[in-house]
Structures are given as C-alpha cells and as structure tokens.
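Numbered per this note's numbering, the sequence shown spans residues -5 to 1051.
We put the beta carbon where it would ideally sit given N, CA and C, even for glycine.
Structure, as structure tokens:
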Amino acid sequence: MSGPTSATESLLIGPRGPGNRGEGHVQHRQLHPGRGRLPPGADPRGREERPPLDPSPRRHRGMTSTEVGGATSLEGDTMSSVPSLRSPDLIGRDAELETLVSQLGIRAPARGTRSVLLAGDAGVGKTRLLTELRDVAVAQGWRVVAGHCLDVADSALPYLPFSEILGRLSVDQPAAVTQVTERHATLARLLPGRRVRRTDEQASDLALDPGNVFAGVHDLLETLAAEAPLLLVVEDAHWADQATRDMLSFLFSRGFEHPVALVVSYRADDLHRRHPLRPQVAEWSRLRDVERVALDPLSNSDVRRLVKMLRPGTMSEAELVAIESRAEGNPFFVEELVGASSTGGLPIELADVLLVRLDRLDDDARQVVRLASAAGRQVSHDLLAAVSTLDEATLERGVRSAVESNVLVAVRESAYAFRHALLGEAVYDDLLPGERARLHAAFVDAMCCERAVGTNAELAQHARRAGNHRVALRALVSAGNEAMSVGGPNEAATHFLDALEILGTLEERPDDVDESALVRRCAEAFVAAGRVSKAVKVLRGHLDGLPADASAEERGQLLTAIAAALLLIDSTESPEKIAAEAVELLADGPPPLLARALATRAQAMGRFNADEARETAMEALALAERHGLTGVIVDITTTLANLGAPHPDDQAQAAQLHAAWWSAVEAARAEGLVEPELRALYFLARLHQDRGEYADALAAFERVIARGEETGLRWSPYVAEARALRAVVLIFQGRLEEANQLLDVTGQDPPLVYEWLYFALQVRICVLRGRRHGDSFEQLRPHWSRDGMIALAAGTAELLEAEQRGDVAAAEAVYDQVVATLRPLWREWFQARLRLSTLVVGVHADAASGQSAEQRESARDAVERLLADGDHVIDFYAQYDELLGPEYHAWVQRRTAEHLRWRWAAQVEPPTHEELVSAWRATEAAFDSYGDVPELTAVRVRLAGVLRTTGDTVGARRVADLARESARAMGAEPLLARLTTQGSAPVAGPSVDAVSLTRRESEILALVAEGRSNGEIGKQLFIATKTVSVHVSNILGKLGAASRTEAAAIARRRGLL
C-alpha cells in the first residue's frame, strides 16, 4: 500500500477531513479537501467555562420567623399569596439590592423616613429581591412588616395591606397595638375579623375623616420604630384601592421621628395610561425622600446562571440560547421554560398567567392582538391593515388600546411587537385551529396579491399553516436560496427540509421542482452550517428511496455528495468506496459531474494511497480545465498540495505548497467559491502548525475564522476546525486562558459536535490547571462516539487527571475506552495511540516507586502491552518516518524515556544512570524544539526527578526551576505540586545547619525518600545491601533523624532533595 505523502494527512490528522482528522498525534485531526460551492457573500447562526456550583448554596427559605425587638418577620410576610421562587440564590440582583439597602439606610439607620418605589414587570423578581432585603434588614436589627394588595376587582376592602399588617402585629405585638388603638379607636376597625357592619351612628362617628385612620397607622409605625428600626413593605400596589393609595401618599409625605423605611412595589407593565396608580407614582417620585428603582430584566449571563442552578445537568448551547431568547430576562419565565424544556412548548400555567393580560382589552383590541400573534413576533401596520377585517379607525383604536395596555409595543417605524415574546406565543396557542388557518390564509392572500409586503420566509410560514402547500413549497425554496445568499445556512437548511417534507405529501408534484437537486441543496446547507451528519442522513434517505428506474446520473450525484460529506466527519462508512461507485455511475455522464466525482474520490484516496490519489486528481483536473470548472479546479489544486507533504527541513518545498494554496485561495475568492477558499486557507494553516511554526499558524487559523465570519459560514467544518486547532496551538504555547476564551461559545448556538469538542478542550485546560470541573467527564462520555476528536480530547483530560491522582487502573481503563471508540472511526493503529499509550506507561512509572516487588512484576504485562501498542504505531508509519513532523518524533522519544523510567523505578532490567538521563535529555530537547509548552514542562518535571534520583541535585534544581517558571505562567498547579512532592522546590539559600553528604549518600538518601528498601537500593546502585545499611546509618546520624521517614522529611526541608 502506498503511504501518504503528507505528514499532515498521515500523522496528525486522520482518515478524513473535519471529522477524520482524529488520527491526530496529540489533539488535532485533518479536514479533508471538502467540497461546496456557496454563493458569494454567504452568515449562519459559541461554554463559558462551566463553573462548579457552590457545594453549599444558601437557600431561599421564604419568610422565616425571626424575632427582632419583640416583633416577628414571618414566613409569607412578603408575597404570601404567591409561591416562593424555585431558585435557591438571588441571581443578577446584587446592584439593585445594594441600592435598596443604601437608599433605605438599612446598615445606618437614621431619624426620619426613607422610601423606595420598586417597579418591574410581572415575574421579573420583585418579591425575590424584597425577600433578600428582608433578610439583610433582619440581620441588621430591623423589624420587618409586610402587607399585600390583592386583585379582587371592585370588591377590595379599603386599606387591605394595612389591615393585614395590623392583624399580624396584634398577635406579635399586642401591647403596642392596644396602646395605639386606645389613642386611635378608628384603627381598631382595620383589624381582621372586626371589619364588620356597624350601626350608622357608629360608622359615622368613627369614619368621619380618613385622617383618623392615617393618624392611627402613623402612630402605630412610630411606636414600633421607637423600639427598633422598622421596614414596611407593601407589595403589588398596582392592585391598591384608592384608600390605600391615599394612605401611602400620607406616609410618604408625613415623615417619622424614628427610623422607618418604606418600600412599595408594583408591576410597571400593568400601568397603562388610564391606570389610577400611574399619576400617583409620578406624584410620589417627585417627593424628596422617595426614590424610584426599576428592576430590569436579567442579563443573558445571569439567565444562564439561573438555568444552570435550576437544571444542574447538561443543557446544550442551543437550548440555552432558546431560553434566553424566549424568556427575555424574566426569571419567572426562565423557571417555567426550564421546567418545560423537555417538551419545548409553552407551559400551561405560564400561558394562563400571560393570557390574563388580555382580559382588560376591549373586543377590537383583542382581535388586533390575535391577528398580530398569527403574524409572528413583529408585524407592520400596513400588513395588519391589509389582513384585518376592521375598518381603519377601529383598527387604530384597537392597536392603541393594545399598546396602552402594554400588550403590544411600537417598534421601528409603523410596526408593532409583543411586549413579551411569550405573550405572543400564548395568544397564538389560544387560537382555535380553524381561526389560525383563516388568519394565515388572509396573510397569504394579502402577500400574494401584493396588498402587503412580506418575505418569502413569512409567506412560506403562513401558506404552510394555512394548508396551501404549493405556495408554501415555492416560497420555502426561494427562502432557502435567499438565506444561503446572505450567509444563513442553518435557516436555509430548515427551509429546504420543510420544502422536502411538503413535496413528499403532494400527489402531483410540480414539474419545476427537482427533488434530487433540492435534496443536494439541503445537504449543502447543512454542511455549511456544520451539521454534516444531518446532511448525510438527508442524502442517504433520499438515495435509499429512489425508484429502481432512477437514472445513473441521479444516483451518481447523490453518492458524490454523500462521499464528500463523509470526508468531513467521523464515520464507519468508506467515502472512498462510495466515491468510486459514483465515478462508475457517472463515467458516461456529463463531464462536470464526473469531474466532481473524481475530485471527491481523489480526496478520499489520499488517506491511504497517495500515488493513486494523485493520478485520479490529475484526471479530474484535466477534465475540469477542459470544461472551465473553477470550483473543481480549486478543490483539486488543494488536494494535490495536500498530497505533497514536504520534508520537515525542506523549506523550498514548503514554500511551493504555500504558494499553491494561496493560488487556490485567490482563484476561489475571485469566483465567489467560499467553501473551496476556506478549505485552502485551512490547509495552509495546517502546514504551519505541522511544521511547528506557531506564530504563522495562529495568524493563518485566524484568517480562516475571520473569513468564515465574513461569509456567514461560522460553523462550516473548516472554520469550526480552525477555531479548535487555533485553541490547540494556544495550548501548545502555554496560553491557556486565551485558548479557553476562544473555545467559549456562549450565545453562539454551535452544532453539537463542535460544542462538545470545544468543551472537551476546555476541560483539558481545567485539568492542566488543576481546577474543578464538576461532572464534565460524565457529561462528555455519551458524546465520544459523535466525533473522534471529542473522545481524544476528553480521554486525554481523563488520563491527565488519573496521572495526577496516581491511579494506574483508571488510566488503563480510559486508554482502553478511547482506543475502543477510535479504532472503528479511524484505523487500528491511529497515531494518537502512541501518545496515549506513552502517557499510561508514565503513570505506571510514577506508581512503581511505591509498589512492592510483586506489584511491579504484575504490572510488567500491562506495560509491555502498552509498549507493544506504541511499537505497532511506529512500525505502521516507519516507511514515512522522514515525512512525519516534530510532534511525532517527540512522542517517539518520550515513549523510550518513559519506558526506561519505569524500568528504573520498577527495578526490571534497570538502565544505567547515563541511559536514563540521556533519554530524558533527548526528550526535553525534542519537546523544546517542537514547542509544546505544557508537555515540555511535564517532561522537565520528570527529568528533574530523574536527575535528583541519580544524584545530580544541582542539575535537578536547574531543570526544576525551568519547569516551575513555565508551570506558574500557565497556572498549572498539578505540575507545581509534583515538583514540591518530589523534592525539587527551590532552595532559598544555604542553611546555617547545613549538612555535608557525600555524593553516594545523596544518591541513597534520594532512594530512601522514595521508600526503597536497602536491598532495592543496592540493586539499583550496584552495591551490597550491607554497604547500603552503613550509608543509611551515617545519613541518619548526620541529619539527627530517628527513622528513614524522618530523614527524608528533614532532607526536603533543608533542600537536600
């Protein structure tokens, strides 16, 4: 079998393309020369590092009973009629809480009154914030009392919140209430249970003037505040009766002698133009000691925190983005949507709450709102007018009523939207099926007759829901083409897929719609959006459903598309075989189709047979040039360049490849061929990476990413892979935080395969730094088979953590699981297997020094198995050794060094001092040349240990200092801890009680510190056991130690180790 001619393709990448790159020696894979022509100017639709949850969050307990100055703040004092929020912590409201605490003087009580009007939409978190304010106030020694206004239409009792407060205080503070009611008899009428009918004479005597009630309440509050600062909370003032509003006006303006703070909350979205509270709020806001605080929606980052607190398990970025978009920062909406996330629909309870808002609308306004819900999130006035059956004047009155009631809001010029997107959903869901169909049909009629302007996507939506499938089909195809032209491949794919679904339901299919062409276009959109597996599924489904008499041309095109897509992902299917079948079917077909099939086959063959791949590519190139097929020419040029991997030291050949790829880039850009351009740019970046030219690689990968952003192909496989590999290069350079930020896809809604790949790399960064990462390994495991690189990145992270714990069994288990996952996706002896097996041998070497002789012997079989796996990889690539890059050779050297270290530590045919040190010095040089900072640091940590063990303490400290410097720069705590544990911490200076040990004593002391017996030390140093015993006795005497363990501790403390 002819071997690959590209170091990139044969080693660090893998059998395929964006998917088949997993062959990656360390953590990269190769994107094979993919195909895809997109119209010029194409924009599709990114984890924060997942912070560990606080293991002991302070939970919200509602209103707890807390004695303060004789009064009680009880459960339910705040919003007692509404269940407490399910979020255990206050999220995103720290600034607002501090504003309330400061304005009300909670931490510094003073004479007089301080008041706050707390405004916010329903569900935005007013009660939750007030509950937190209550807790702060109680902690500061305040007494807290609360009352509520209720929505009981015209049946509300006057002064209802104050009656509630008085009733509670009559139980908790009976003496104070009795004292005040004796002075203000009218106040007794506010007590619950005593608000009964009285004689006309009694009523007239006690209710001649509301001032009697005002004075009584004021006196009561003043009396309570004389004992302890008092916080009075009145909730839901938008439901307050006139008497309560007058009472609040009195309290705001009258003031108090003792410390009294007053907070009044209300729903801002309920205050329509004619609401009675609206002028009162304006009046109160002008008072000197009254501050208005508006509670805005939560930020997206706070919404995410809330979601993760409510649902600690895995939630994809797409789900998070959907909740962000629908909830619009409203915590109540967030909680309801998270609870219903498994269904994706609108929770019934939430819909009922939202629909209550329509009850106050008149019939015309309701009709306008229902029509707007069918239009979508926004609707122009012209479109409403074209569809509505209302006359212009009535329509305008209805719109005005909906706007004034805060159901609709004006947006842009002459357009309206729902104040809350979920309100629009609730209204739409409340429509009867026939009503929906009728409204959508009206929109279709208005658009088709050009009485109103709308997009093809809007027309398609209305036509589909109206049951007009033929109009919907054509509109969906047009909408898909438009989306592709403006860089929206995800939206385009959805439109095309919907069109295919409709096409399958039609008994008589339109002559002007080619189903196979539409399938290929749909797959092209899915590929451009990074959802390659979906593209393969669509293509395969259509191919399998073709009739027996389908043409060879139609089958050949579908097979070509399937093979091209398979080159971009990890799959057990053979793209080469599929492409070969396509070539056979198209041998007598149109030249452009044959050329594309040949180009795809050449790309697939390049993984295993470079010579035949080159021949096939040249055949395709000749055909493409004869027929002027620029896209095929660009793809073949890139494939040929990729097949010509230069020798690592051949600068001239590297320059030729660089020029060839740039030529392909320029040719693709001139013709508006975006995917071929991205592919060429990607392989140019890979050339730099594989040669260890990291500065150039970073710049080149950035060009791919930037071009993807410009053209709307952010998640195209080559762009998404470039982002991952740019992060890998940053990791190589030790720039872990920059890599972590690059991998953050917050709010970007990536395809799942890339979301999990980026997360796996982020987890590896966490492990390198020794940071907590929760249950990330468990989250990632189900996605290993989704893409080989996920398994490789996540498996590497698990191996590193097992190494840090010294857990040999876990390391071997992870290795076996990674191999079992990757073997069917890549090949038996994929190159990363050399690195993985070497890492596990290193774990065995670490453990050997603490094992008994029997344990070391039993570990021998496992080590030999791992070494054999590495040998198979080396043998498999031996004939291409000169073409393989510095990364491969560094790991070949590391394998030798780890093997020798294990033999030395296990005393299994131990090498000489010189052999061991020489191997690790060579490994250090290899990784230093390659430039992988984390691995170079790890190598130096081990080299320092080897030098210390062999008696070269000066050399050990010198190497350890280099390792420590880079580990600190990266924040790699596990490596720093290992340096300390193995006794390579820097020495502050000569000690006054310094001990002089001979070189032999230093060697023996180092081995004693590892827990070796005298017999084991004798074997390793080639001296008699009795001689070792004498040296140990001398060491104990010089150090003043009573035991070997104490001697090791003293030696470390004095810097002798």
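1) Run through the region 199 to 270 for me and flag every whole alpha helix (DSSP H) of 4 or more residues, listed as ranges in chain order.
2) On the DSSP bridge list, what partners appear for H142?
3) With which residues is E285 paired in a DSSP beta bridge?
4) Cβ of E322 within 8 Å of Cβ of A387?
5) Just to confirm before moving on: does the CB-CB distance between V275 and L127 stay below 8 Å?
6) Could you name each continuous alpha helix (DSSP H) segment of 4 residues or more that falls completely within the region 693 to 733, going from the start of the chain to the end?
7) Give me the residue from D605, A604, N603 and M612 with the minimum Cα distance to L1130.
8) The alpha helix (DSSP H) with A1035 in it runs from where to where?
9) Which first and last residues belong to the beta strand (DSSP E) in which L402 is found?
10) Got a sec, what are the start and stop residues for the alpha helix (DSSP H) V174 sits in?
11) On the premise that L587 lies in contact with G622, defined as a C-beta separation below 8 Å, what is that separation, rounded to the nearest angstrom?
12) Where does the unbroken beta strand (DSSP E) through A542 begin, and where does it stop?
13) Smallest Cα separation from S846: which of R1046, G448 and E1004?
14) Residues bridged to Y410 by DSSP?
15) Tell me where the alpha helix (DSSP H) around A864 begins and ends.
16) Could you round the C-beta distance between E671 and R663 to whole angstroms and report it? I think they count as a contact, below 8 Å.
17) Please confirm if the region 303 to 315 is in contact with the region 152 to 160, defined as three or more CB-CB distances below 8 Å between the two stretches.
18) Can you check which of these residues, P273, A312, D166 and A219, is closest to P1055 by C-alpha distance?
19) Counting pairs of beta carbons, one from the region 457 to 476 and one from the region 422 to 442, are three or more of them closer than 8 Å?
20) What's the gap between the Cα of A576 and the Cα of W656?
21) When the Cα of A237 is compared with those of A131, A255, L271 and E216, which residue comes out closest?
22) Name the two residues that bound the continuous alpha helix (DSSP H) containing D1052.
23) Take T175 as the anchor and find which of P204, L144, A209 and L151 has the nearest alpha-carbon.
24) What did DSSP end up calling R137 once you bin it into helix, strand or coil?
25) Straight-line CA distance for L1050 to L973?
26) Tell me which residues share the same chain as L470 and place their Cβ nearer than 6 Å to its Cβ, disregarding the 5 neighbours each side in the sequence.
27) Hey, P711 and G418: beta-carbon distance below 8 Å or not?
28) Output the boundary residues of the alpha helix (DSSP H) element that contains T610.
29) Out of A557, T566 and A544, which has the shortest C-alpha to C-alpha gap to S779?
30) What residues in its chain sit with their C-beta under 7 Å from that of E892, if we drop five residues either side in the sequence?
31) Given a cut-off of 8 Å on the beta-carbon distance, is the pair A359 and G392 in contact?
32) Could you spell out where the alpha helix (DSSP H) holding E329 opens and where it closes?
33) Is the beta carbon of V1022 less than 8 Å from the beta carbon of I998?
34) Nearest to V713 by CA position, among L678, D296 and R729, is which residue?
35) Between the alpha carbons of T1039 and M783, how many angstroms are there, rounded?
Walking through what the data contain:
1) 204 to 221 and 236 to 248
2) Here residue 142 refers to the residue found at position 148 when the sequence shown is read from its first residue. DSSP lists E229 as partners of H142.
3) To locate residue 285, count along the sequence shown from 1; it is residue 291. In the DSSP output, where bridge partners are listed per residue, E285 has V110.
4) Counting from 1 along the sequence shown, the entry for residue 322 is found at position 328. Counting from 1 along the sequence shown, the entry for residue 387 is found at position 393. No, the pair does not count as a contact, with Cβ atoms beyond the cut-off.
5) Position 281 of the sequence shown, counting from 1, holds the residue named residue 275. Position 133 of the sequence shown, counting from 1, holds the residue named residue 127. Going by C-beta atoms, V275 is not nearer than 8 Å to L127.
6) 711 to 726
7) Outside the displayed span of the chain (-5 to 1051) sits residue 1130, for which this structure offers no information.
8) Along the sequence shown, one-based indexing puts residue 1035 at 1041. Element bounds for A1035: n/a, residue is neither H nor E.
9) As a position in the sequence shown, residue 402 is number 408, starting the count at 1. Segment L402 to V405, the beta strand (DSSP E) holding L402.
10) As a first step, residue 174 is located in the sequence shown; it is residue number 180 there, counting from the start. Run containing V174: P168 to R177, per the alpha helix (DSSP H) assignment.
11) For the purposes of this step, residue 622 is identified with residue 628 of the sequence shown, where counting begins at 1. For the purposes of this step, residue 587 is identified with residue 593 of the sequence shown, where counting begins at 1. So it is not a contact: roughly 15 Å between Cβ atoms.
12) Here residue 542 is taken as the residue at index 548 of the sequence shown, counted from 1. A542 -> no beta strand (DSSP E), and no H or E assigned at all.
13) Counting from one through the sequence shown, the residue named residue 846 turns up at place 852. Per the Cα distances, E1004.
14) Indexing the sequence shown from 1 puts residue 410 at position 416. Per DSSP, V373 and A404.
15) The residue you call residue 864 lines up with position 870 of the sequence shown. Here the sequence assigns Gly to residue 864, which means Ala is not the residue at that position. A847 to F870 is the span of the alpha helix (DSSP H), which, as asked, contains G864.
16) The sequence position of residue 671 within the sequence shown is 677, counting from 1. The sequence position of residue 663 within the sequence shown is 669, counting from 1. With 8 Å as the limit, E671 and R663 qualify as a contact, their Cβ atoms being about 5 Å apart.
17) Too few Cβ pairs lie closer than 8 Å, so no.
18) No information on residue 1055 is available, as it lies outside the stretch -5 to 1051 that the chain covers here.
19) yes
20) In the sequence shown, the residue the question calls residue 576 occupies position 582. In the sequence shown, the residue the question calls residue 656 occupies position 662. Whole-angstrom Cα-Cα distance: 30 Å.
21) As a first step, residue 237 is located in the sequence shown; it is residue number 243 there, counting from the start. Checking every option, the nearest Cα to that of A237 belongs to L271.
22) Since the first residue of the chain shown is -5 and the last is 1051, residue 1052 is not available in this structure.
23) Start at 1 with the first residue of the sequence shown, and residue 175 comes out as number 181. T175 has its Cα closest to that of A209, out of P204, L144, A209 and L151.
24) Translated into positions along the sequence shown, residue 137 becomes position 143. In the structure shown, R137 sits in a strand (DSSP, three-state: E or B).
25) In the sequence shown, residue 1050 corresponds to position 1056, counting from 1. In the sequence shown, residue 973 corresponds to position 979, counting from 1. Rounded to the nearest angstrom, the two C-alpha atoms are 14 Å apart.
26) Locating residue 470 in the sequence shown gives position 476, counting from the first residue. The answer, listed in chain order, is A454, H489, D492 and A493.
27) Position 717 of the sequence shown, counted from the start, is the residue given in the question as residue 711. Position 424 of the sequence shown, counted from the start, is the residue given in the question as residue 418. Going by C-beta atoms, P711 is not nearer than 8 Å to G418.
28) Looking up residue 610 in the sequence shown gives position 616. Counting along the chain, the alpha helix (DSSP H) containing T610 begins and ends at A604 to R620.
29) By one-based count along the sequence shown, residue 779 stands at place 785. Measuring from the Cα of S779, the nearest candidate turns out to be T566.
30) Reading the sequence shown from its first residue, position 898 is the one you call residue 892. Around E892: T832, V835, G836 and A839.
31) One-based indexing of the sequence shown puts residue 359 at position 365. One-based indexing of the sequence shown puts residue 392 at position 398. Contact flag set, yes.
32) The residue given as residue 329 occupies position 335 in the sequence shown. P325 to G333 is the extent of the alpha helix (DSSP H) around E329.
33) Stepping through the sequence shown from its first residue, residue 1022 is reached at position 1028. Stepping through the sequence shown from its first residue, residue 998 is reached at position 1004. The answer is yes: Cβ separation under 8 Å.
34) Counting from 1 along the sequence shown, the entry for residue 713 is found at position 719. Taking only the C-alpha atoms, the option nearest V713 is L678.
35) As a first step, residue 1039 must be located in the sequence shown, where it is residue number 1045. As a first step, residue 783 must be located in the sequence shown, where it is residue number 789. So the two alpha carbons sit approximately 45 Å from each other.
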